[in-house]
Amino acid sequence: MALFKRTTKDLIIRIDEFLDNIELGLLVFRESINSYIDKDMEAFSRHLQKVDTLEGNADRLQRMIENEMITHSILPQHREEVARLLDVLDEIIDTVKSSLNEFIIEMPEIPAALNKDIINLTEASVEAAEELIPAARAYFTTPYTVREKLLKVYYFESETDKIALNTKKRIFQEMKDIDLAHKAHLRYIIHHIENISDMAQKAADMLSAMAIKIVI
Amino acid sequence: MILFFLTSGLFLGWSLGANDASNVFGSAVGSKMVTFRKAAIIASIAVILGAVFQGAGASETLGKLGGVNAIGGSFTLALAAAITVYVMTKFSLPVSTTQAIVGAIIGWNLFTGNKTDADTLSKIVVTWVSGPVLGALFAVLLYIIIIKIKKASRIHLIRFESFLRTGLIIVGAFGAYSLGANNIANVMGVFVPAFNLQELDLGLFTLSSSQQLFLLGGLAIAVGIITYSKKVMETIGGNIVELNSEAAIVVVLAQSLVLFIFSSSGLSNLFVKIGLPPIPMVPVSSSQVIVGCVIGIGLYKGARNINFKLLGEIGIGWIATPVMSGLLAFFSLFFVKNIFGIDVGYKIIGGAASGAVTATDPGISAIIRYLLLAVLITGLLVGIYYSLIERKKQKELKKSEDKFWHYLK
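If you read the protein sequences in the order shown, they are chains A and B.
According to the working numbering, the stretch in the first sequence is residues 884 to 1099, in order.
According to the working numbering, the stretch in the second sequence is residues 163 to 571, in order.
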């Protein structure tokens, strides 16, 4: 009987571990951008390697969780939704990894005047995604609290949008000394950072619907 | 020949297993929480145990309604009830085996000139109404309890689901036991007064004449579950799941409790001991009790669109089924007696079955003994076969998973 097997306990641990990986990935992303702004490329490479490991772990855990849910017919009524949620969360850490790779490949030159804006943008975007994790954990234990937890995700996502918009405005309207190609490149980098909060919002929308379904 | 007369009862048992097992395990199988194979094995074993060890109470009540004292009569009544159930199911009308058999017994009473005991009849009819009402009450109470516990414990969804899965198996087994205990009267009740078999000594315990009949009936129900209930469980069961997983287990538990209450003489005796009126031992319709439970939860959750059409159909079923079955039994008895010249029963004078034609073939007990042995051996072999297949599947899955990670590295 399911109750007497270790499967349930293992699965709960794996889901927690998966969410830990995403959370840690976001933390490392924040540190990486700070290192890049500080021009500490050694630390940046170290962080990139860490994110790479975390992303690999998350992929492995995601596959294990899905396999176990199918083989042991766990959560038959919510399995597909949980699997999709894990997929969207995994996309966040994938985006983190690809953004950092863009940095290491393209080495964008960030003007000193924009340092604070980029840090703020990263902070808000990462914060939006970080707030998603407790909500995702709550889905499994206290689903009726999920929606209130998700409010912060929406707040930080809109903050990210505002910061991104202002930064882009500054780049294109105030910074006359940099050429258009450089401006376009900076816009592209901003878009990458902003993408994390967009992903978080996408996951929040899904989680919100899932929570209603489970509470009713 | 005697065994031939039992076929109509066995057919009734088969159809009961095919249709009513979904009330017990439908939600578990329909939601894929429990595999059909597991559900069928558990339900079959529990239904047989319930029928053999607790089937006497409800059967006695049917005996009081009409003590069918000739095997030809029993055969005809079971056949009339089975045909009624089949025809009404074919026309998608809600039908209950309980109501069909009660109608058939009244038809027999009318045909043989026996008086229908009004007390027993009213007791039976009252339970048809009180069964679903009691089911609704139990369902609401249990639902409130389970939701409060879930909220207070902040249990992990996966762990809760694991409890629920185990709960569905345990409750399902209890439900199948209660179904066997309560509804075996519909299947074999009419045969009990007409059969007088030798006691069957099985070493650990002995089976009386009626218990042997209940065993046969239980086996017929089990065959119905194994051969034909899968589709019903996957379709009808799905409708119950639409509530949610907590409500599904509550509905099955409430229904099982109602069936258990109306078939437990121990509980009835306890009621009498503490000064309460005894509980009537009456076969009730599991499908109608389940409808009561679902409506109870719906009302508690504030649903406004109660399906009054369904309620009306059940009400019509309470009248239409016994009437149709009674008429069919009456005319069938006429044909069987006058055309085939088979004895269908006599008028009971002074409480005794005068001139009762009871079957006393000792060969039947021997057949039951061998049948039981064959069922046990087959069950064991099938169990071993499936456990080997399961083990092989697990091994292959692990191998493919290891290979996947090996190549990915």
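All residues carry an ideal CB built from backbone N, CA and C; glycine is no exception.
As the structure is a computational prediction, the values presented were derived from the model and not from experiment.
Endpoints, the alpha helix (DSSP H) within which residue i is located
| i | result |
| --- | --- |
| residue 182 of chain B | 164-192 |
| residue 342 of chain B | 319-350 |
| residue 1065 of chain A | 1063-1098 |
| residue 355 of chain B | Premise fails: residue 355 of chain B is in no alpha helix (DSSP H) and is neither H nor E. |
| residue 903 of chain A | 890-920 |
| residue 451 of chain B | 448-462 |
| residue 263 of chain B | 259-274 |
| residue 1022 of chain A | 998-1024 |
| residue 505 of chain B | Segment: none, residue 505 of chain B is in no alpha helix (DSSP H) and carries neither H nor E. |
| residue 294 of chain B | 280-315 |
is_contact[residue i, chain A] using C-beta, thresh 7 angstroms
| i | result |
| --- | --- |
| residue 320 of chain B | yes |
| residue 395 of chain B | no |
| residue 194 of chain B | yes |
| residue 552 of chain B | no |
| residue 222 of chain B | no |
| residue 517 of chain B | With a pLDDT of only 46 at residue 517 of chain B, under 50, the local geometry of the prediction cannot be trusted, and no value is derived from it. |
| residue 430 of chain B | no |
| residue 425 of chain B | no |
| residue 323 of chain B | yes |
| residue 199 of chain B | no |
| residue 316 of chain B | yes |
Neighbour flag for residue i against chain B, beta carbons, 7 angstroms
| i | result |
| --- | --- |
| residue 894 of chain A | yes |
| residue 927 of chain A | no |
| residue 891 of chain A | yes |
| residue 1055 of chain A | no |
| residue 1091 of chain A | no |
| residue 1005 of chain A | no |
| residue 936 of chain A | no |
| residue 1023 of chain A | yes |
| residue 932 of chain A | no |
Contact under 7 angstroms by Cβ, residue i with residue j
| i | j | result |
| --- | --- | --- |
| residue 190 of chain B | residue 334 of chain B | yes |
| residue 932 of chain A | residue 973 of chain A | no |
| residue 218 of chain B | residue 339 of chain B | no |
| residue 417 of chain B | residue 297 of chain B | yes |
| residue 487 of chain B | residue 265 of chain B | yes |
| residue 337 of chain B | residue 505 of chain B | no |
| residue 1007 of chain A | residue 1042 of chain A | yes |
| residue 901 of chain A | residue 941 of chain A | yes |
| residue 271 of chain B | residue 509 of chain B | no |
| residue 247 of chain B | residue 262 of chain B | yes |
| residue 239 of chain B | residue 491 of chain B | yes |
Straight-line gap, residue i to residue j (C-alpha atoms, nearest Å)
| i | j | result |
| --- | --- | --- |
| residue 990 of chain A | residue 982 of chain A | 11 angstroms |
| residue 918 of chain A | residue 943 of chain A | 28 angstroms |
| residue 459 of chain B | residue 986 of chain A | 57 angstroms |
| residue 412 of chain B | residue 424 of chain B | 18 angstroms |
| residue 320 of chain B | residue 199 of chain B | 23 angstroms |
| residue 221 of chain B | residue 348 of chain B | 8 angstroms |
| residue 895 of chain A | residue 324 of chain B | 11 angstroms |
| residue 937 of chain A | residue 1019 of chain A | 18 angstroms |
| residue 372 of chain B | residue 345 of chain B | 14 angstroms |
| residue 1032 of chain A | residue 1075 of chain A | 25 angstroms |
| residue 1090 of chain A | residue 538 of chain B | 50 angstroms |
| residue 555 of chain B | residue 562 of chain B | 11 angstroms |
| residue 352 of chain B | residue 332 of chain B | 31 angstroms |
| residue 545 of chain B | residue 462 of chain B | 43 angstroms |
Residues near residue i by beta carbon distance below 8 angstroms, same chain, minus five either side
| i | result |
| --- | --- |
| residue 285 of chain B | 223, 442 and 444 |
| residue 210 of chain B | 342, 377, 380, 381, 383 and 384 |
| residue 952 of chain A | 894, 958, 962, 965 and 966 |
| residue 257 of chain B | 246, 247, 250, 251, 479 and 483 |
Same chain, Cβ closer than 7 angstroms to residue i, five either side skipped, listed in chain order
| i | result |
| --- | --- |
| residue 374 of chain B | 359, 362, 527 and 530 |
| residue 440 of chain B | 430, 433 and 434 |
| residue 909 of chain A | 979, 1009, 1012 and 1013 |
| residue 274 of chain B | 507, 508 and 509 |
| residue 241 of chain B | 170 and 494 |
| residue 977 of chain A | 938 |
| residue 1030 of chain A | 1091 and 1094 |
| residue 295 of chain B | 454 |
| residue 243 of chain B | 174, 259, 262, 263, 266 and 487 |
Nonlocal neighbours in the same chain, by C-beta distance under 6 angstroms from residue i, ignoring five residues either side
| i | result |
| --- | --- |
| residue 1083 of chain A | 1011, 1012, 1015 and 1036 |
| residue 1098 of chain A | 1026 and 1027 |
| residue 915 of chain A | 927, 930 and 983 |
| residue 1000 of chain A | 1050 |
| residue 419 of chain B | 300 |
| residue 1054 of chain A | 1066 and 1069 |
| residue 167 of chain B | 233 and 237 |
Any non-hydrogen atom of the ligand MG closer than 6 angstroms to residue i Cβ
| i | result |
| --- | --- |
| residue 420 of chain B | Among the components of this structure there are no ligands whatsoever, and the ligand MG is therefore not found. |
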